[in-house]
Amino acid sequence: ITWNTVITRGHELINGGGGTSLINSPSGTMFFEGSMYNNGTNTFFGITSSDKTQEVRIYGNPGGSVISRIITPAGASYFSVGGSKFNNSKVAVKWDGVNIKSFANGSLTSTLTMSQAFAEDVLDTIRFSDGQRFYGRIKQFIIFKEALSDAEIIALTT
57 ITWNTVITRG HELINGGGGT SLINSPSGTM FFEGSMYNNG TNTFFGITSS DKTQEVRIYG
117 NPGGSVISRI ITPAGASYFS VGGSKFNNSK VAVKWDGVNI KSFANGSLTS TLTMSQAFAE
177 DVLDTIRFSD GQRFYGRIKQ FIIFKEALSD AEIIALTT
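Following the numbering used here, the numbering of the sequence shown begins with 57 at its first residue and continues without gaps.
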């Protein structure tokens, strides 16, 4: 079969994300491959508690870089992930109850000590931007129930 026709799809709206029993809150890995188009400050995706008080989130900031935020009962922390939100990037965030690490395009980009671990079954909802909505291209979005090894994540994001 030879394909010689280009078809452009219109945008689709993802509202909420639903709950899932496949997320293991104390540890996990969130992986994203794609790009973000919004120039606003509220372009994000991630996993959150149903009451939105705890989360692991990846943002595309107005300057074009990719950052992350983690919220535990002890407070919020922001850190750089790397990559460009406008270009296709492979980024991942891993948490294990002690540390949270970010990776972009085959490299470990930051390590942060978690002020408090997530309890079991707290992170139960996949969530995309709701204020300005998420505009972009999602090639892959995967949440792994366990914290993958650094070597596995480097291979995944390469």
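Ideal placement from N, C-alpha and C gives every residue a C-beta, glycine not left out.
The structure presented is a predicted model; accordingly, all values stated were derived computationally and were not measured.
Taking a contact as a CB-CB distance under 8 Å, the pair residue 174 and residue 82 counts as one, their CB atoms being some 6 Å apart. Judged by DSSP in its simplified three-state form, residue 168 adopts strand.
In this structure, the beta-carbon distance from residue 148 to residue 101 does not fall below 8 Å. Counted as a single uninterrupted DSSP element, the alpha helix (DSSP H) harbouring residue 210 occupies residues 206-213.
Excluding sequence positions up to five before and after residue 165, its CB lies within less than 7 Å of the CB of 136, 137, 138, 158 and 159, all in the same chain and listed in chain order.
Residue burial is scored here from C-beta neighbours: residue 99 has at least 16 other C-beta atoms within 10 angstroms and is therefore classed as buried.
In its chain, beyond the 5 residues on either side, 171 have a beta carbon closer than 8 Å to the beta carbon of residue 131. DSSP lists 147 and 163 as the bridge partner or partners of residue 160. Out of 197, 208 and 111, the CA that lies nearest to the CA of residue 145 is found in 197. Distance between residue 113 and residue 213, taken at the CA atoms: about 17 Å.
Spatial neighbours of residue 152 in its own chain (CB-CB distance under 7 Å, excluding positions within 5 residues in sequence) are listed in chain order as 83 and 203.
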